[in-house]
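Here the structure is laid out as structure tokens; the discussion comes afterwards.
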Amino acid sequence: MNKDLYIVRWQFALGKEYNEIKGARAQAGYGGPDDDEPGDGGGESGPMGASSEEFILLQRRVDRMENSIGSIVTKIDAVLVKLEAMERAKARRRETMSKLLDSISQVRSAASPSPITSSSFDSPLCSSIHSR
């Protein structure tokens with residue numbers, strides 16, 4: 450569930466970033482369907498590509514996003530490792546507690562007298578009391 454939320458947030462952030470870039474390109478006059486094709490590489494801004502300044506800016510943004518995503522993924526992995534360790538410890542505690550409760554119930558059943566039944570009155574002591 451948490452991974453799904455992370456993925457949705459990540460997709461939202463990427464979508465927002467894409468929309469910002471698309472809006473900036475539209476304001477600059479690059480809005481046609483063929484505008485995503487590479488330009489002639491001359492460094493000039495034109496309908497067929499981005500200027501070198503735009504490219505450098507976008508490259509920096511992509512690098513920052515990659516670094517951020519990498520650190521977030523690392524942190525998520527660390528949290529998952531800790532959660533798995535906590536679950537293992539919880540299972541061990543539960544197992545230990547069940548063993549303890551089982552031993553307590555066994556001790557109680559061995560220490561408590563058996564329930565009184567009519568056959569327990571057939572002992573010689575009870576016979577001598579009833580005969581008087």
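Note that the sequence shown covers residues 450 to 581 in the working numbering. Cβ atoms here follow ideal geometry from the backbone N, Cα and C, with glycine treated the same way. Note that this is a predicted model, so its numbers are computed, not measured.
### Query
Exposed or buried, what is G498 when buried is set at 16 or more other beta-carbons lying within 10 Å of its beta-carbon?
Only buried fits G498, as 16 or more other CB atoms lie within 10 angstroms of its CB.
#### Entry: Span separating the alpha-carbon of K524 from that of E515
Distance between the alpha carbons of K524 and E515 is about 14 Å.
### Message
Please give me, in chain order, every unbroken run of the alpha helix (DSSP H) with length at least 4 that falls completely inside the stretch 499 to 553.
### Response
Correct list: empty.
### Query
Do you know offhand how far L507's Cα is from E466's?
When the Cα atoms are used, L507 and E466 turn out to be separated by approximately 10 Å.
### Query
How many Å lie between R513 and G464 at the Cα?
Between R513 and G464, the C-alpha separation is close to 16 Å.
### Rounded C-alpha distance that separates N468 from F461
When rounded, the distance between both Cα atoms is 10 Å.
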